[in-house]
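S.K.: For reference, the structure I am asking about is given below.
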Amino acid sequence: MDQAASATMLHRGEVPAWAVNLGVGIVIAALIPVSISFDKYIDNYVLDVLIRIGVAIILAVSLNLINGITGQFSLGHAGFMALGAYTGGVLLKHYQHQIHGALLPPVFIGVTILGGLVAAIAGLIVGIPTLRLRGDYLAIATLGFGEIITVVLNQIESIGKFEVGGSAGLHNIPHVTNFFWTYAWVVICVVVIARLVYSAKGKPFFAVREDEIAAAAMGIDTTYYKVAAFVIGAFFAGVAGVLSATLSGNLDPGDFNFVKSIVIVVMVVLGGSGSITGSVLAAILLTYLPEQLRAFEDWRLVIYALLLIVMMLVRPEGLLGNRELWWKRKTAMV
Amino acid sequence: MLLSVNGLTVCYGVITALREVSIEIDRGEIVALIGANGAGKTTLLRTISGLLKPTGGEISWCPPAAQVKSDAKTLEYFGATKDLVGMRADQIVRLGISHVPEGRQVFANLTVRDNLLLGAFTLRKRSDIEEGLERCFGLFPVLAERKNQRAGTLSGGEQQMLAIGRSLMGRPKLLLLDEPSLGLAPLIVRQIFQIIREINLHGTTILLVEQNAHMALTVANRGYVMQTGRIILSDKAANLLENAEVKKAYLGG
Ligand SMILES: Nc1ncnc2c1ncn2[C@@H]1O[C@H](COP(=O)(O)OP(=O)(O)OP(=O)(O)O)[C@@H](O)[C@H]1O
Ligand SMILES: [Mg+2]
Numbered sequence: 054m055d056q057a058a059s060a061t062m063l064h065r066g067e068v069p070a071w072a073v074n075l076g077v078g079i080v081i082a083a084l085i086p087v088s089i090s091f092d093k094y095i096d097n098y099v100l101d102v103l104i105r106i107g108v109a110i111i112l113a114v115s116l117n118l119i120n121g122i123t124g125q126f127s128l129g130h131a132g133f134m135a136l137g138a139y140t141g142g143v144l145l146k147h148y149q150h151q152i153h154g155a156l157l158p159p160v161f162i163g164v165t166i167l168g169g170l171v172a173a174i175a176g177l178i179v180g181i182p183t184l185r186l187r188g189d190y191l192a193i194a195t196l197g198f199g200e201i202i203t204v205v206l207n208q209i210e211s212i213g214k215f216e217v218g219g220s221a222g223l224h225n226i227p228h229v230t231n232f233f234w235t236y237a238w239v240v241i242c243v244v245v246i247a248r249l250v251y252s253a254k255g256k257p258f259f260a261v262r263e264d265e266i267a268a269a270a271m272g273i274d275t276t277y278y279k280v281a282a283f284v285i286g287a288f289f290a291g292v293a294g295v296l297s298a299t300l301s302g303n304l305d306p307g308d309f310n311f312v313k314s315i316v317i318v319v320m321v322v323l324g325g326s327g328s329i330t331g332s333v334l335a336a337i338l339l340t341y342l343p344e345q346l347r348a349f350e351d352w353r354l355v356i357y358a359l360l361l362i363v364m365m366l367v368r369p370e371g372l373l374g375n376r377e378l379w380w381k382r383k384t385a386m387v
Numbered sequence: 081m082l083l084s085v086n087g088l089t090v091c092y093g094v095i096t097a098l099r100e101v102s103i104e105i106d107r108g109e110i111v112a113l114i115g116a117n118g119a120g121k122t123t124l125l126r127t128i129s130g131l132l133k134p135t136g137g138e139i140s141w142c143p144p145a146a147q148v149k150s151d152a153k154t155l156e157y158f159g160a161t162k163d164l165v166g167m168r169a170d171q172i173v174r175l176g177i178s179h180v181p182e183g184r185q186v187f188a189n190l191t192v193r194d195n196l197l198l199g200a201f202t203l204r205k206r207s208d209i210e211e212g213l214e215r216c217f218g219l220f221p222v223l224a225e226r227k228n229q230r231a232g233t234l235s236g237g238e239q240q241m242l243a244i245g246r247s248l249m250g251r252p253k254l255l256l257l258d259e260p261s262l263g264l265a266p267l268i269v270r271q272i273f274q275i276i277r278e279i280n281l282h283g284t285t286i287l288l289v290e291q292n293a294h295m296a297l298t299v300a301n302r303g304y305v306m307q308t309g310r311i312i313l314s315d316k317a318a319n320l321l322e323n324a325e326v327k328k329a330y331l332g333g
């Protein structure tokens, strides 16, 4: 094969970074007028569901990086979400009288990133020892982590002069989240993770999932990639936590127990482990459907379980398997 | 000498799989390692490539740092000797030791091309990666035809070629091959051994583990015979082929 042919083969379909950044910038900017008109014309309830769908997308896509793409099995995603939610909730509640008007947007961006960072640091601390474990052991260790977070949050009434709320929960958090903030983060989360794993540098994530020993034999530092997936996934779970805390205005440690983690796992499995667009679809579906089935609220988990069982029987690879909905190039990874 | 293993002992829990194993590999050689099932051959390769940690012994790597020509004589300057024990697998790959694991272990759900690109993981320059792809497609034209196919859907022989091609992408100085003929038809086996010889002629030193002792000793310069975790014999490959004990135990008569 001649040089030119192999060169195009190597770079085929790769969009230059500046174009992607520009595109993301335009999309996020376009969200501003959309958000303003939604605030004006759309029913509050519908807007609330839309925002919760956005939060679910961030949670599912970020967990997919850990569970689907890198092939680990984490059951602690709600724990990372809780850390972000409480970081954001506690700070915004405490300082709500100092920050308003023009100060609010930059502070909110900062607080959201901070919530993500707190979760990411926890991800690093939890990930380094536990990612040596495999399969069921990792699942149990991360499950334990999530439960510890819930229990600890239940015990802490306050940290210094900051109110945390303990088992009574934290209430009256300012409602800062809106359509714009949520979907700006959705776009960032999806683009960052898709670019990370589908670039030439991202193949090791899939290699770790496929075969850890062979990956190590290729010179891939498998622990590094597992921890990286864990930390990045935790970051976005923390971000989703901040968004959801400032949506409802209330936080209860019980919101972040293992049931929440399992709901996110179900989204990833249903959408297809390894498929980012699959996670997006499943997050939409599994947030929207329960709204329609309010009458069956008590049966929600039963319905989830049945859905999973049917899925495993009929289509074990999930809605999209590990393909993507579009992007021709991505199917090449399959 | 390129690699020397000295008094290596490896345990799996209470089971001692290798006892005081010592081998040496010179630059440019093909060295065969033969032995019955469970002798410890795979264990030795996995320890060299850093996938297992030994309980004792050392593995020294002395790569030629540079070749300098002076008056029609080629002088080799050897780089600093490194002890591989305690290094991570990925660091060892970067030194130029590449391992083709037993049972092929290609990334089944990734394409042939992505498998090869993963083999080039340690390379930084795009031109090196492209050159590696070309070299690999040159050695294995069938892989070029199937570059967009899922590796898991290749035939056994093709998967073996992919596994070898993948490990050549990083331009290794030493290639560790674990049973490349496993489960392949005689014709394909001959083809694979032909390619092993070719790879060696291009300057890659090879440590070859094989059940197919006859084939292995035919292509190799020297050989080691392993039995229950120990090296019991070592000689020129031609001599081992004539050795009565080896004939009886490994060459079927
Ligand atoms: N993970 C493990 N845990 C415990 N024992 C092991 C493990 N792997 C290998 N062994 C034991 O170590 C010994 C050497 O195994 P090894 O795989 O190195 O043999 P081998 O020479 O490669 O055999 P074969 O030709 O069948 O591949 C065997 O007795 C085997 O049972
Ligand atoms: Mg073996």
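From first to last, the protein sequence lines stand for chains A and B. If you count the first sequence from 1, you need to add 53 to reach our numbering. If you count the second sequence from 1, you need to add 80 to reach our numbering. Heads up, the beta-carbon is just placed ideally off N, CA and C, and yes, glycines get one too. Every value quoted in this text rests on a predicted model; they were computed, and no experiment measured them.
#1: I want to check one thing, is the minimum distance from the CB of tyrosine 304 (chain B) to the heavy atoms of ligand 1 below 8 Å?
#2: Against chain B, with Cβ distances strictly below 9 Å, would proline 306 (chain A) count as a contact?
#3: Isoleucine 202 (chain A) by DSSP, collapsed to three states: which one?
#4: How is asparagine 86 (chain B) classed by DSSP in three states: helix, strand or coil?
#5: Could you pull the DSSP bridge partners for valine 180 (chain B) from this structure?
#6: Output, in chain order, the set of chain A residues within a Cβ distance shorter than 8 Å of aspartate 315 (chain B).
#7: Taking 8 Å as the cut-off, is the beta-carbon of lysine 121 (chain B) closer than that to any non-hydrogen atom of ligand 1?
#8: Answer yes or no: do valine 114 (chain A) and leucine 145 (chain A) have a C-beta to C-beta separation smaller than 9 Å?
#9: Would you say glycine 232 (chain B) touches ligand 1, meaning its beta carbon is less than 8 Å from a heavy atom?
#10: If the cut is a Cβ gap below 8 Å, which residues of chain B does lysine 256 (chain A) touch?
#11: Between B:Ile311, B:Arg206, B:Asp258, which has its C-alpha nearest valine 180 (chain B)'s C-alpha?
#12: On the CB-based measure, 16 or more other CB atoms within 10 Å of its CB, does proline 252 (chain B) come out buried or exposed?
#13: Counting only beta-carbon atoms, is histidine 179 (chain B) nearer than 9 Å to chain A?
#14: Can you give the Cα-Cα distance for phenylalanine 220 (chain B) and threonine 284 (chain B), rounded to whole angstroms?
#15: Given leucine 339 (chain A), which residues of its chain have a CB within under 6 Å of its CB, disregarding the five upstream and five downstream residues?
#16: What in chain A is Cβ-close to valine 173 (chain B), meaning under 8 Å?
#17: Going by DSSP, name the residue or residues bridged to serine 140 (chain B).
#18: Going by other Cβ atoms of all chains shown within 10 Å of its Cβ, with 16 needed for buried, is methionine 81 (chain B) buried or exposed?
#19: Per the DSSP calculation, glutamine 171 (chain B) is bridged to which residue(s)?
#20: Given that a residue counts as buried once 16 or more other Cβ atoms are within 10 Å of its Cβ, and exposed if not, what is arginine 185 (chain A)?
#21: With which residues is glutamate 216 (chain A) paired in a DSSP beta bridge?
#22: Quick check on this structure: which residue in A:Phe283, A:Ala335, A:Leu334 has the alpha carbon closest to the alpha carbon of leucine 118 (chain A)?
#23: Name the one or two DSSP bridge partners that aspartate 308 (chain A) has.
#24: Quick check on lysine 93 (chain A): buried or exposed, where buried means 16 or more other Cβ atoms within 10 Å of its Cβ?
#25: Could you name the residues of chain B that alanine 260 (chain A) contacts, counting a contact when the two beta carbons are closer than 9 Å?
#26: Could you compute how far the alpha carbon of asparagine 335 (chain B) sits from the alpha carbon of arginine 99 (chain B)?
#27: Mind checking phenylalanine 198 (chain A): buried by the 16 CB within 10 Å criterion, or exposed?
#28: Arginine 170 (chain B) touches chain A at which residues, Cβ-Cβ below 7 Å?
#29: For alanine 112 (chain B), list the residues DSSP reports as bridge partners.
#30: Which residue wins for smallest C-alpha separation from lysine 227 (chain B), given the options B:Leu256, B:Ser207, B:Asp194, B:Met241?
#31: Which residues of chain B have a Cβ atom closer than 8 Å to the Cβ of glutamate 263 (chain A), listed in chain order?
#32: Since glycine 294 (chain A) contacts alanine 172 (chain A) with CB under 8 Å, what's their CB separation in whole angstroms?
#33: Look up glutamate 104 (chain B) in the DSSP assignment and give the residues it is bridged to.
#34: Any beta carbon of chain B sitting closer than 9 Å to that of asparagine 74 (chain A)?
#35: Counting C-beta neighbours from all protein chains within 10 Å, is the total for lysine 256 (chain A) 16 or more, i.e. buried, or is it exposed?
#36: Evaluate contact between the segment 137 to 144 of chain A and the segment 294 to 304 of chain A, counting only Cβ atoms and requiring at least three cross-stretch pairs below 8 Å.
M.R.: In this structure, then:
#1: no
#2: no
#3: helix
#4: strand
#5: B:Leu257
#6: Going along chain A, no residue has its Cβ under 8 Å from aspartate 315 (chain B), so there is no contact; the nearest lies around 30 Å.
#7: yes
#8: no
#9: no
#10: Leu190, Asp194, Leu197, Leu198, Phe201
#11: B:Asp258
#12: buried
#13: yes
#14: 17 Å
#15: Met320
#16: Ala270, Met271, Gly272
#17: B:Ser84, B:Asp163
#18: exposed
#19: DSSP output for glutamine 171 (chain B) lists no bridge partner at all.
#20: exposed
#21: A:Ser211
#22: A:Phe283
#23: None, per the DSSP bridge assignment.
#24: exposed
#25: Phe187, Leu190, Asp194, Asn195, Leu198, Phe201
#26: This structure does not reach residue 335 (chain B), given that chain B is present from 81 up to 333, and the question cannot be answered.
#27: buried
#28: Reading the sequence as shown, one finds aspartate at residue 170 (chain B) and not arginine. The contacting residues are Ala269, Gly272, Ile273, Asp274.
#29: B:Leu288, B:Gly303
#30: B:Asp194
#31: Phe187, Ala188, Asn189, Leu190
#32: 7 Å
#33: B:Ser84
#34: no
#35: buried
#36: yes
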